[in-house]
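Written below as structure tokens is the structure these notes are about.
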Amino acid sequence: MFAWEEESPSDIRFLLASALEGQGKTQESLNLCREWTAKEPDNPYAVAALVYAKMNANDLEGAEEIVKQHISDSAVCDEDNDVIFAAAVRLYQKNGNKEMEKKMDNAREEYDKKLGAYLMGLGDEFEFGDEEEFVDDELPFN
1 MFAWEEESPS
11 DIRFLLASAL
21 EGQGKTQESL
31 NLCREWTAKE
41 PDNPYAVAAL
51 VYAKMNANDL
61 EGAEEIVKQH
71 ISDSAVCDED
81 NDVIFAAAVR
91 LYQKNGNKEM
101 EKKMDNAREE
111 YDKKLGAYLM
121 GLGDEFEFGD
131 EEEFVDDELP
141 FN
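The sequence shown begins at 1 in full-length UniProt numbering and counts up by one.
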């Protein structure tokens with residue numbers, strides 16, 4: 001139906017897996033996620049989708065195994081793995097492991113704080129000042 005070989009449409013695949021689950025097609029979602037992670041084992045969206053799919057299939061041990069493969073005890077939450085940390089928080093909520101849930105959630109909160117501070121620092125670069133400073137000829141697409 002779709003030919004996505006040149007690019008990895010992670011957002012679309014992630015949403016597709018979620019949509020399948022939303023329709024009660026748990027096994028199809030799980031199969032999609034397994035195939036996706038087999039092709040892209042280091043794609044954090046594929047990994048997170050597989051964790052969610054395993055959770056929805058009530059394979060909590062399998063979901064935790066995937067999380068442990070991708071998040072070590074010393075791992076720091078960052079832009080490369082934040083979706084896996086989010087999936088881990090949900091997993092540990094579901095299996096009742098409050099200690100790990102808190103640890104994963106704290107790591108995500110720390111990342112959110114650092115990201116927020118970084119983005120706030122960029123704010124000055126994007127302020128335009130007085131509108132009078134701009135001449136229409138300087139704007140793109142004129």
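Where is the CB? At the ideal position from N, CA and C, for every residue including glycine.
Please read all numbers here as calculations on a predicted model, not as lab measurements.
Nearest-angstrom Cα separation, counted from residue j out to residue i
i	j	result
L54	V67	Before going further, note that residue 54 is Lys rather than Leu in the sequence given. Spanning the two alpha carbons is a distance of roughly 11 angstroms.
E99	K25	32 angstroms
D59	E79	27 angstroms
G22	K103	29 angstroms
F134	P9	In this predicted model, F134 has a pLDDT of only 46, less than 50, meaning its place in the structure is not dependable enough to derive any value.
As assigned by DSSP and simplified to three states, the class of residue i
i	result
C77	coil
G116	helix
G62	helix
A49	helix
CB of residue i within 8 angstroms of CB of residue j, strictly
i	j	result
V47	I12	no
L91	E64	yes
R108	A86	yes
Buried/exposed call for residue i, threshold 16 Cβ in 10 Å
i	result
residue 149	A query on residue 149 cannot be resolved here, the shown segment of the chain reaching from 1 to 142 and no further.
A38	exposed
P44	buried
Delimiting residues of the alpha helix (DSSP H) encompassing residue i
i	result
I12	10-22
E28	26-39
Minimum Cβ-Cβ distance from residue i to chain E less than 8 angstroms
i	result
E101	Going by chain labels, chain E is absent from the structure shown, which holds only one protein chain.
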